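Asker:
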Amino acid sequence: MKKLEDKVAIVTAATAGIGLASAKKLAQNGALVYIAGLEDELAEKALAECSEEKLNVKFHPFNAFDYEGYHVMVEHVAKEEGRLDILVNNFGIGIPTKDFDILTGDPYAFFDILQKNIGSVYLPCKPAIRYMAGHGGGNIVNISSIGGLLPDVSRLGYGVSKAAINYLTKAIALQFGSKNIRCNAVAPGMIGTDAVKKSMTGDFQKAFLRHVPLGRVGEPEDIANAVLFLASDDSSFITGHILDVAGGFGIGTPEYADAVKG
């Protein structure tokens with residue numbers, strides 16, 4: 001029997017990158033997965049890939065900037081399938097051209113990032129928890145960031161929003177554990193999605209990897225494996241945990257890393 005046999009899951013922003021890898025991983029392990037995303041070429045490509053791999057997935061239109069849409073999405077899936085077991089909140093934005101330090105960053109961009117990133121967890125969790133609490137429990141996995149655990153020289157809004165998601169994760173775990181609802185988060189480091197690969201120069205990658213003991217950029221599959229672990233009964237006694245998947249980023253200084261590597 002597969003780990004997620006007969007489970008129903010929603011993964012937001014799941015038409016590419018970490019979201020799609022996570023949706024596929026859950027489906028490969030027996031879940032019926034709703035891929036939530038914009039109706040565009042990426043969605044068509046993602047659904048075609050899943051169909052070719054014979055994965056049990058469905059699509060639900062999802063616009064992260066439509067706050068009512070979160071409620072509609074969760075209610076539709078729960079009513080359509082008669083259950084909702086897993087919610088993976090993957091959506092997140094950054095505005096690298098405006099999100100710097102507290103002196104040079106754009107305050108409007110700062111608050112926009114906070115509203116959208118925190119809302120992308122708060123808004124779907126509200127109806128999902130209400131449903132799960134009345135139907136024996138469920139499992140929430142939030143995609144945070146190593147930037148929510150370790151401060152950066154820029155991206156202040158992004159880091160603060162991800163730190164808030166970590167807090168929300170722990171608060172939900174504490175408040176609804178008695179209802180058999182687990183809530184955990186995955187905090188990725190630098191992951192080699194298509195978007196990241198396009199923007200990453202060789203010099204930047206080399207400099208960044210000095211901070212990563214495992215010496216490589218992560219792959220969406222690395223995050224998907226962590227999502228599967230937290231979404232399955234393999235982690236049945238884990239809740240309120242922030243699992244960093246970053247190759248050891250932040251353990252030591254670049255000077256120490258250089259010395260160890262000889």
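Read in the UniProt record's numbering, the sequence shown has 71 at position 71, and its numbers run on one by one without any break. Here a beta-carbon is modelled for each residue, glycine too, at the ideal position from N, C-alpha and C. These numbers were taken from a predicted model, which means no experiment stands behind them.
Evaluate F62 with the Cβ neighbour count: other Cβ atoms within 10 Å of its Cβ, from every protein chain shown; 16 or more gives buried, anything less gives exposed.
Answerer: Numbered from 1 along the sequence shown, position 62 holds the residue referred to as residue 62. So F62 ends up on the buried side.
Asker: For G105, I'd like the list of residues in its chain whose CB is within less than 8 Å of its CB, leaving aside the five on either flank, ordered along the chain.
Answerer: For the purposes of this step, residue 105 is taken as residue 105 along the sequence shown, with counting starting at 1. The residues are K98, D99, S154, L156, G157.
Asker: Can you check which of these residues, G92, Q28, K7, is closest to N117 by C-alpha distance?
Answerer: The residue you call residue 117 lines up with position 117 of the sequence shown. Out of G92, Q28, K7, G92 has the C-alpha closest to the C-alpha of N117.
Asker: Label N142 either buried or exposed according to how many other C-beta atoms from any shown protein chain fall within 10 Å of its C-beta, with 16 as the threshold for buried.
Answerer: Your numbering for residue 142 matches position 142 in the sequence shown. Its Cβ being crowded by 16 or more others within 10 Å, N142 is buried.
Asker: Which term fits A48, buried or exposed, when burial requires 16 or more other beta carbons within 10 angstroms of its beta carbon?
Answerer: As a position in the sequence shown, residue 48 is number 48, starting the count at 1. Exposed: under 16 other Cβ atoms inside 10 Å.
Asker: Once you ignore the five residues that flank G215 on each side, which residues in its own chain have a CB closer than 7 Å to its CB?
Answerer: By one-based count along the sequence shown, residue 215 stands at place 215. Cβ neighbours of G215 beyond the five flanking positions: L209.
Asker: If we ignore side chains and look at the alpha-carbon of each, how far apart do A9 and K79 end up?
Answerer: Within the sequence shown, residue 9 is the residue found at index 9, counting from 1. Within the sequence shown, residue 79 is the residue found at index 79, counting from 1. C-alpha separation (whole angstroms): 13 Å.
Asker: Look at P124 and L168 and say whether their C-beta atoms are less than 8 Å apart.
Answerer: In the sequence shown, residue 124 corresponds to position 124, counting from 1. In the sequence shown, residue 168 corresponds to position 168, counting from 1. No. Outside cutoff.
Asker: DSSP has Y34 in a bridge; who is on the other side?
Answerer: Along the sequence shown, read from residue 1 onward, the residue named residue 34 stands at position 34. The partner list for Y34 (beta bridge, DSSP) reads I10, K58.
Asker: Out of G218, R130, N56, V227, which one is the CA nearest neighbour of G247?
Answerer: If you number the sequence shown from 1, residue 247 lands on position 247. G247 has its Cα closest to that of G218, out of G218, R130, N56, V227.
Asker: Determine whether the beta carbon atoms of N90 and I18 lie at a separation below 8 Å.
Answerer: As a working mapping, residue 90 is identified with position 90 in the sequence shown. As a working mapping, residue 18 is identified with position 18 in the sequence shown. Their beta carbons are under 8 Å apart, which means N90 touches I18 by this criterion.
Asker: Using 8 Å as the Cβ pair cut-off and three pairs as the minimum, do the region 128-148 and the region 162-179 touch?
Answerer: Taking 8 Å as the limit for Cβ pairs, the verdict is that the region 162-179 does touch the region 128-148.
Asker: Decide yes or no for the touch test of the region 40-59 against the region 182-197: beta carbon pairs closer than 8 Å, at least 3 of them.
Answerer: With the cut-off at 8 Å, the region 40-59 and the region 182-197 do not touch.
Asker: Between R83 and the rest of its own chain, which residues show a CB-CB distance below 7 Å, the 5 nearest in sequence each way excluded?
Answerer: Position 83 of the sequence shown, counting from 1, holds the residue named residue 83. If we look at R83 and ignore the five residues flanking it on each side, its Cβ neighbours are V8, H135.
Asker: Pick helix, strand or coil for I223, following the three-state DSSP scheme.
Answerer: Taking the sequence shown and counting its residues from 1, one reaches residue 223 at position 223. Helix at I223.
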